[in-house]
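Following: one structure in structure tokens, then a few remarks.
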Amino acid sequence: MTTLSNLHRAHHVAYATRSVAHRRERSVAVVVPTLDEAATIEATVATLVTLRRQGVVDRVLVADASSDDTPRIAERAGAEVVRQWDLHPELGAVLGKGDAMWRAASICSEDVLCFVDGDSADFGEHLALALIGATAMDGHRFAKATYERPFLDTTGHRPTGGGRVTELTAKPLLAMLLPELTAFGQPLAGEIAIDRELLRALPLATGYAVDVALLIDVWRAVGLGAMVEVDLGTRQNRHRPLHELTPMAAQVAAAILDRTGRWPEGEPLPFSERPPLAGTAND
């Protein structure tokens, strides 16, 4: 059995912009799946475009499904923007975040793909820089973020309390069924960097199931020794009302039960799955 000590750990302060730009040995695309992020996307893209100018990133790609001004703002800020439904339109409607990631990955040829969310209220360059450094420079095949999740609501700011689905659904199930993965502090973190060939060899769950399903699949494919958890400090993103978290929790739970063979036989899963890109028409 793989032990927890096999998981590498890093901190964002270890990665300086100039060092990563000069020492990385692999090409990098940063992909930002977006859905109505007009309030935050400009600052996120501007930060990523600066990293591109500094030689850390080769491509900044926004894969958008918004009805607001997100795509226009992102393009004006310097990103390459594609509409999610224009990628593989033969598949029909885009089925959430995981499907958006799969479709975006299908048009990327860079060695490392870094995925970040577009709804960070305080996006800093370290959020992408450290993940890129851990993979394109240090050689890990998969990097996943960890961070403190403060909670901000109408009563004010609290230093903890964010990540409710993580704490109440993902972590308890992983502790019971896949204890090796309790090494990860934020198993549902959407900020990752991954070897493109590894990603192409794996299926991608659609919707909210993608983050934990991909974590499990990567672990089974390469083991904790090829993975790294990167501490990004604190991340503040949009908090949803509790009732909106029910579908997310259901998909996360279903993904863990499915990946461990405990989903009831014959029962439909609350998410779909895209096949590995390797071997498809995109190969």
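Quick note, our numbering runs 1287 ahead of the 1-based positions in the sequence shown. Positions of the beta carbon are idealized from the N, C-alpha and C atoms, including for glycine.
What separation, rounded to the nearest whole angstrom, lies between the Cα atoms of residue i and residue j?
i, j, result
"Ser1393", "Glu1484", "11 Å"
"Asp1560", "Cys1395", "Here residue 1560 is Glu; the residue named in the question, Asp, does not match the sequence. Roughly 19 Å between the two C-alpha positions."
"His1298", "Glu1412", "14 Å"
"Val1318", "Val1336", "12 Å"
"Ala1242", "Asp1498", "Any answer about residue 1242 is impossible in this case: the structure gives the chain only from 1288 up to 1570."
"Leu1382", "Gly1494", "6 Å"
"Thr1547", "Leu1464", "7 Å"
"Pro1528", "Pro1437", "15 Å"
Just to confirm before moving on: does the CB-CB distance between residue i and residue j stay below 8 Å?
i, j, result
"Ala1432", "Leu1418", "yes"
"Gly1365", "Val1332", "yes"
"Val1539", "Ala1457", "yes"
"Asp1345", "Ala1316", "yes"
"Glu1478", "Asp1404", "yes"
"Ala1496", "Ala1541", "yes"
"Leu1460", "Trp1506", "no"
"Arg1451", "Ala1513", "no"
"Arg1487", "Leu1378", "no"
How far does the beta strand (DSSP E) with residue i in it extend, from its first residue to its last?
i, result
"Ala1520", "Per the sequence shown, the amino acid found at residue 1520 is Gly instead of Ala. Segment 1514 to 1521, the beta strand (DSSP E) holding Gly1520."
"Asp1351", "1346 to 1351"
"Thr1321", "1315 to 1321"
"His1309", "Not the beta strand (DSSP E): His1309 falls in the alpha helix (DSSP H), residues 1304 to 1310."
Do you know whose CA, among the options, lies nearest residue i's CA?
i, options, result
"Val1399", "Leu1414, Arg1390, Met1424", "Met1424"
"Glu1397", "Gly1512, Arg1311, Leu1465", "Arg1311"
"Arg1363", "Glu1435, Ala1391, Glu1329, Arg1507", "Glu1329"
"Gln1473", "Arg1507, Asp1504, Leu1519, Ala1513", "Leu1519"
"Ala1391", "Gly1379, His1375, Pro1459, Ala1325", "His1375"
"Arg1339", "Ile1360, Asp1355, Val1307, Leu1322", "Val1307"
Tell me which residue opens and which closes the alpha helix (DSSP H) that residue i is part of.
i, result
"Ile1328", "1328 to 1340"
"Val1499", "1497 to 1509"
"Glu1484", "1483 to 1487"
"Ala1432", "Where Ala1432 is concerned, there is no enclosing alpha helix (DSSP H), although the beta strand (DSSP E) it sits in stretches over 1429 to 1435."
Put residue i into one of helix, strand or coil per three-state DSSP.
i, result
"Asp1559", "Residue identity check: residue 1559 is Ser in the sequence provided, not Asp. Coil."
"Arg1370", "strand"
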